[in-house]
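81 is the number of the first residue of the sequence shown in my numbering; add one for each residue after it.
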Amino acid sequence: MKERVQKFGRFLSGMVMPNIGAFIAWGLIAAFFIPDGWFPNDTINGMVGPMLRFLLPILIGYTGGKAVGGQKGAVTGALATLGAIAATESTMFIGAMICGPLGGWCIKKFDKAMEGHIPAGFEMVVNNFSVGIIGAILAILSIYVIAPVCVTLTGWLGAGVQFLVDRSLLPLTAVLVEPAKVLFLNNAINHGVFTPIGTEQAMEMGKSILFMIESNPGPGLGLLLAYCVAGKGETRSSAGAAAVIQFVGGIHEIYFPYVLMNPIVILGPMIGNIVGIFTLSALGGGLAAAASPGSIIAEMLMTPRGGYLANIAGIGIAAVVSFLISVFLLKFFGKDASLEEAQAQVAASKAASKGQAVPAASSGASVSAKDVRKIVFACDAGMGSSAMGATMVRNKLKDAGITDIEVIHYPVGEIPGDCQIVVTHHELSGRAAQRAPQARIIPIKNFMGAPEYNTLVQELLDARKGGSAPAPAAAAEEKPAGEQPILLEKKNIILNCKPVSPEEAIKAVGRRMVESGYVEESYIQGMLDREASFSVAIGSHVAIPHGTEESRKAIKKTGLIVMTYPEGIQWGDELVRLVVGIASTGEDHLGILGKIVEVAETEEDTDKLVDTAGVDQLYKLLNGLE
């Protein structure tokens with residue numbers, strides 16, 4: 081149950097959190113330039129309404145659509161959200177949270193249904209028109225179905241909040257909020273519930289107390305100061321610095337280990353927040369927009385004109401009450417406990433709340449080999465080197481009899497959040513770790529024949545020995561050889577090229593791609609930019625020039641170029657004799673890359689291929705015709 085709640089909460093907050101800067105911008109403009117603000121300005125104030133009605137919901141819809149259906153899903157989700165906006169004067173935050181994921185889901189299902197059925201050269205037409213048609217249909221659906229439902233739902237939620245306010249029951253929300261924070265449900269509650277409702281309240285009344293229920297830094301400050309007084313050993317000496325980080329930096333997670341060491345002390349922040357919310361309600365406190373992070377600085381910046389006394393009182397009283405109760409509980413009920421163990425427990429809870437593997441205290445992310453079900457190979461564009469690396473490991477796992485692990489390739493910026501292991505070029509390992517903090521990162525120097533592959537496969541094999549046999553993964557449906565697309569034409573196999581610089585080799589491949597109608601001229605620069613980031617020489621005397629992720633828009637259709645350099649090219653630290661240029665609109669090229677892996681796995685294999693194979697043999701071999 082907890083996992084399902086966390087997953088749903090992650091999904092809701094995941095649509096708002098990436099756009100919280102826009103909410104803050106709206107709040108600052110409103111606080112400073114509305115008629116009752118610090119510097120009233122009718123012209124600037126003219127942005128407040130459009131930002132709230134159009135910009136923020138569309139951003140949420142765009143983000144929700146992208147989370148489900150990628151870039152196409154993002155555009156479709158934004159279109160669907162616009163329909164909901166057009167149908168009513170109400171703020172469509174809830175509508176955006178429905179329309180965005182719905183748009184992403186629809187385009188994802190459409191793409192799945194069309195997979196393998198789009199004629200070569202029509203990919204861009206189908207992709208663009210599918211987004212336009214599906215987005216238009218969903219926009220109309222939103223006008224007549226989703227918007228009315230959301231208006232009703234928003235009315236119910238608003239009435240519920242007003243019910244609590246009218247009966248002075250709002251402070252009791254702290255009974256749920258404070259324990260939920262320690263379970264890492266804080267973002268789900270704050271940005272998934274309070275921020276959308278609070279933003280609409282702030283538009284009507286200039287402020288909302290809902291923004292301060294979870295973000296109030298007072299309760300956490302009181303708890304940490306209590307440890308400074310009544311804590312023991314390491315906890316006492318570390319609590320002071322933690323208090324500064326929590327109160328000024330707004331990192332509330334820093335006090336969670338102190339709660340877990342002595343769970344009873346949660347009563348301190350809980351009662352402190354209850355009293356704080358009561359004080360804010362009585363004095364008319366609240367913020368103009370969400371404060372993120374929950375720092376005293378952010379709280380003050382979001383405080384509307386005339387609201388400082390109330391907000392400072394709400395924060396201060398919450399801190400004092402939390403401090404007094406926590407000191408009492410620590411003196412009479414406190415136990416000696418390990419801060420390190422509590423921090424590890426927090427790390428595990430945080431990872432679980434994000435649907436991630438449990439990180440190890442010393443290594444950042446640790447994954448049990450027996451639990452690995454998805455391995456991702458990541459490179460800059462996710463088109464060439466990562467695909468070949470994935471193919472090599474996929475084959476090695478198959479040879480080892482391991483059939484329950486999915487091995488896929490992605491651009492480093494799109495690594496999925498459910499993978500356990502990421503294999504990437506060592507120069508990209510930092511980006512990979514940021515994108516997938518839950519995963520174990522395996523940095524490699526080249527994607528062909530990396531020694532880490534055998535080590536990884538052996539590790540996975542050892543972990544499965546002695547256990548129950550895993551269920552085999554569903555075998556991928558392979559097309560008959562006659563149905564395989566011919567992506568490598570004979571005219572694009574150029575043998576016995578004279579040695580040139582890596583840059584000239586890339587340009588030669590690029591010019592051939594342009595002449596063959598695969599790409600626009602600008603793709604060549606994308607290939608050069610990719611090489612400038614890090615080398616496309618992937619080992620085994622092979623280089624695979626291809627563009628960056630940004631340059632993929634210059635691709636007209638999928639095609640490959642093969643050039644051999646018998647004398648070799650000195651490509652950085654690598655010697656390259658086989659150059660394979662790639663332009664791909666989808667996944668059709670993977671078959672040829674897989675064949676290259678088979679015939680050029682080692683330097684000796686590549687040398688033999690370059691020295692002996694003719695055009696006809698390469699044509700048949702790489703197109704899977706023999």
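Glycine residues also receive a C-beta, built at the ideal position from the N, C-alpha and C atoms.
Asked: Going by the CB atoms, is the gap between Leu301 and Gln281 shorter than 8 Å?; Found: no
Asked: Quick one: Cα of Leu162 to Cα of Pro297, how far?; Found: 36 Å
Asked: As a quick exercise: from Gly652, Val407, Val622, Leu568, pick the residue whose alpha carbon is nearest that of Gly639.; Found: Leu568
Asked: How is the alpha helix (DSSP H) around Leu162 delimited, first residue to last?; Found: 136-166
Asked: Under DSSP, the beta strand (DSSP E) around Leu707 begins and ends at which residues?; Found: The chain is shown only over 81 to 706; residue 707 falls outside these bounds and no answer can be derived.
Asked: On a Cα-Cα basis, can you pick out the residue from Arg610, Met194, Met292, Ile397 that is closest to Ile586?; Found: Arg610
Asked: Going by DSSP, name the residue or residues bridged to Gln650.; Found: Leu655
Asked: Using the Cα positions of Gly150 and Ile174, report the straight-line distance between them to the nearest angstrom.; Found: 21 Å
Asked: To which residues of the same chain is Tyr490 closer than 8 Å at the C-beta, ignoring the five residues directly before and after it?; Found: Val456, Phe457, Ala458, Gly462, Ser466, Pro496
Asked: Since I believe Leu541 is in contact with Ile522 (beta carbons under 8 Å), could you give me their beta-carbon distance rounded to a whole number of angstroms?; Found: Rounded, the Cβ-Cβ distance is 16 Å, inconsistent with contact.
Asked: Does Pro582 come out as helix, strand or coil in the three-state DSSP assignment?; Found: helix
Asked: Could you compute how far the alpha carbon of Ile574 sits from the alpha carbon of Cys179?; Found: 50 Å
Asked: Tell me whether the beta-carbon of Ala260 lies closer than 8 Å to the beta-carbon of Asn353.; Found: no
Asked: Kindly indicate which three-state DSSP category Arg520 falls into: helix, strand or coil?; Found: strand
Asked: Quick check on the burial criterion: 16 or more other C-beta atoms within 10 angstroms. Buried or exposed for Gly619?; Found: buried
Asked: If you check the beta carbons only, do Ile624 and Ile662 fall under 8 Å apart?; Found: yes
Asked: For the putative contact between Trp118 and Phe112, defined by C-beta atoms under 8 Å, what is the C-beta separation to the nearest angstrom?; Found: 5 Å
Asked: Taking DSSP's pairing of strands, which residues face Ala458 in a bridge?; Found: Tyr490, Thr504
Asked: Measuring CA to CA, which of Ser509, Gly356, Ala102 is closest to Leu252?; Found: Gly356
Asked: Can you say whether Ser248 is buried or exposed, counting buried as having 16 or more other CB atoms within 10 angstroms of its CB?; Found: exposed
Asked: Measure the alpha-carbon distance for Ser375 versus Leu381 and round it to whole angstroms.; Found: 10 Å
Asked: Along the chain, where does the alpha helix (DSSP H) containing Ala200 start, and where does it finish?; Found: Careful: Ala200 lies outside any alpha helix (DSSP H) and carries neither H nor E.
Asked: Pull up the CB-CB distance for Ile346 and Val339, whole angstroms please, since I reckon it's below 8 Å.; Found: 5 Å
Asked: Comparing C-alpha positions only, which one of Ala543, Asn125, Ala110, Ala102 sits nearest to Gln139?; Found: Position check: residue 139 holds Leu in this sequence, whereas Gln was assumed. Answer by Cα proximity: Ala102.
Asked: Quick one: what's Lys643 bridged to in DSSP?; Found: Contrary to the premise, residue 643 reads as Met rather than Lys in this sequence. Beta-bridge pairing links Met643 to Ile574, Val659.
Asked: Terminal residues of the continuous beta strand (DSSP E) containing Ile635?; Found: Careful: Ile635 lies outside any beta strand (DSSP E) and carries neither H nor E.
Asked: Inspect the beta-carbon positions of Val328 and Glu294 and report whether they are closer than 8 Å.; Found: no
Asked: Measure the alpha-carbon distance for Ala693 versus Val205 and round it to whole angstroms.; Found: 38 Å
Asked: Does the Cβ-Cβ distance between Ala158 and Ser222 come in under 8 Å?; Found: no
Asked: So, using beta-carbon positions, are Ala399 and Gly348 closer together than 8 Å?; Found: no
Asked: Could you tell me whether any Cβ in chain E is nearer than 8 Å to the Cβ of Ser361?; Found: Among the chains in the structure shown there is no chain E, since it carries only a single protein chain.
Asked: How would you call Tyr224, buried or exposed, if buried means at least 16 neighbouring beta carbons within 10 angstroms?; Found: exposed
Asked: Once DSSP output is grouped into helix, strand and coil, what is the label at Val599?; Found: strand
Asked: For Ile392, which three-state DSSP category applies?; Found: helix
Asked: Report the residue from Leu303, Ile377, Ile213 whose alpha carbon sits nearest the alpha carbon of Leu404.; Found: Leu303
Asked: Taking 8 Å as the threshold (C-beta atoms), are Glu379 and Ala369 in contact?; Found: no
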